[in-house]
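S.K.: Let me give you the structure first, and then I'll get to my questions.
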Amino acid sequence: MDNGWQIRIIQRWVMGITDDEICQPVRILKGVPHPTNIIPIDQFKCIVLCRRELRIYDLNSGSFVTKLKGVMNQKMPYYGLHDQSHLVALSRNRMYINLMNLETGDCVTTFKAGEDRFLNSLLVSGDGRVLVCGDETQKPFPLLVWNLKSRKLLYDLRIPHHDFITSLSAITYEEAYAMLKEVYGKECFPRTQVFE
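When we follow my numbering, the leftmost residue of the sequence shown carries the number 824, and every step to the right adds one.
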């Protein structure tokens, strides 16, 4: 985190915060139910994935702040930070993305992928302006790109005879999206395709 702290999941119900300068624990948070992933919101607050719930903790006071409404998909609990007051999360049925308010825990709006389309990934750019999701239903697998500021679908990207394997992808802070393609035969190195 920006304040020189590192957050560690110590046990199923315990998170520890260590100061990098003195290499000593400065906070121990107990009663955090099965934390598996942590995303910092600001200097002191963070979002913690606890089983299928998203919970917000204040690390400065060591206290629980709020729980976001709804539950995540059990096998694909994907989420990312849009800005310091909003978060995007893959819905439980994987057919849409929820934009959640971090202050109230309520769902502000949803991004629907379409009828009978199931999303299998969620990537948010570092600046929080662009959201990229993969769709595993249609062939070839397309990428759906949303502008989170205007809350509109920008692109439904498709390349003939190419399935986007979203587990081999990343998005930069500046919103450049890189995708590796699996190659067989004489070509031994993956090719990279960048979309801006």
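All residues carry an ideal CB built from backbone N, CA and C; glycine is no exception.
Since the model is a prediction, treat every value here as computed from it, not as a measurement.
Is there at least one Cβ from chain B nearer than 7 Å to L882's Cβ?
M.R.: The structure shown has no chain B; it contains just one protein chain.
S.K.: Within 10 Å of its beta-carbon, does C956 have 16 or more other beta-carbons around it, so buried, or fewer, so exposed?
M.R.: In the sequence shown, counting from the first residue as 1, residue 956 sits at position 133. C956 is buried by the Cβ-count criterion.
S.K.: Comparing C-alpha positions only, which one of E997, Q907, S908, K898 sits nearest to S914?
M.R.: Stepping through the sequence shown from its first residue, residue 914 is reached at position 91. Selected option, being the one with the closest Cα: K898.
S.K.: Tell me the rounded alpha-carbon separation between I988 and N943.
M.R.: As a position in the sequence shown, residue 988 is number 165, starting the count at 1. As a position in the sequence shown, residue 943 is number 120, starting the count at 1. So the two alpha carbons sit approximately 10 Å from each other.
S.K.: May I ask you to verify whether the segment 851-868 touches the segment 830-842, counting CB pairs closer than 8 Å and requiring at least 3?
M.R.: Yes: the two stretches touch, three or more of their Cβ pairs being nearer than 8 Å.
S.K.: Helix or strand or just coil, what does DSSP make of T989?
M.R.: Start at 1 with the first residue of the sequence shown, and residue 989 comes out as number 166. T989: helix per DSSP, three-state reduction.
S.K.: Can you tell me whether Y902 is buried or exposed? The criterion is at least 16 other CB atoms within 10 Å of its CB, across all chains shown.
M.R.: In the sequence shown, the residue the question calls residue 902 occupies position 79. By the neighbour-count rule (16 or more Cβ atoms within 10 Å), Y902 is buried.
S.K.: Kindly give me the distance between the Cβ atoms of V894 and R875, rounded to whole angstroms, as I take these residues to be in contact under 8 Å.
M.R.: Along the sequence shown, one-based indexing puts residue 894 at 71. Along the sequence shown, one-based indexing puts residue 875 at 52. Yes, they are in contact, since the Cβ atoms of V894 and R875 sit about 4 Å apart, within 8 Å.
S.K.: My guess is that L922 and H909 are in contact by the Cβ rule of under 8 Å, so how many angstroms apart are they, rounded?
M.R.: The residue given as residue 922 occupies position 99 in the sequence shown. The residue given as residue 909 occupies position 86 in the sequence shown. Contact flag correct, Cβ pair sits at about 6 Å.
S.K.: Starting from the C-beta of N883, find all residues in its chain whose C-beta is less than 6 Å away, skip the five residues before and the five after it, and write them out in chain order.
M.R.: As a position in the sequence shown, residue 883 is number 60, starting the count at 1. The answer, listed in chain order, is F867.
S.K.: How many Å lie between P848 and D979 at the Cα?
M.R.: Locating residue 848 in the sequence shown gives position 25, counting from the first residue. Locating residue 979 in the sequence shown gives position 156, counting from the first residue. Approximately 47 Å between the Cα atoms of the pair.
S.K.: Hey, out of R831, H857, Q961, whose CA is closest to P863's CA?
M.R.: If you number the sequence shown from 1, residue 863 lands on position 40. Checking every option, the nearest Cα to that of P863 belongs to R831.
S.K.: Just verifying my parser: in three-state terms, what is the DSSP assignment at M923?
M.R.: Along the sequence shown, one-based indexing puts residue 923 at 100. Here M923 sits in strand by DSSP.
S.K.: Rounded to whole angstroms, what is the Cα-Cα separation between R974 and E926?
M.R.: If you number the sequence shown from 1, residue 974 lands on position 151. If you number the sequence shown from 1, residue 926 lands on position 103. R974 and E926: Cα-Cα distance of roughly 19 Å.
S.K.: Can you have a look at H905 and say buried or exposed, based on whether 16 or more other CB atoms are within 10 angstroms of its CB?
M.R.: Counting from one through the sequence shown, the residue named residue 905 turns up at place 82. Burial call: buried.
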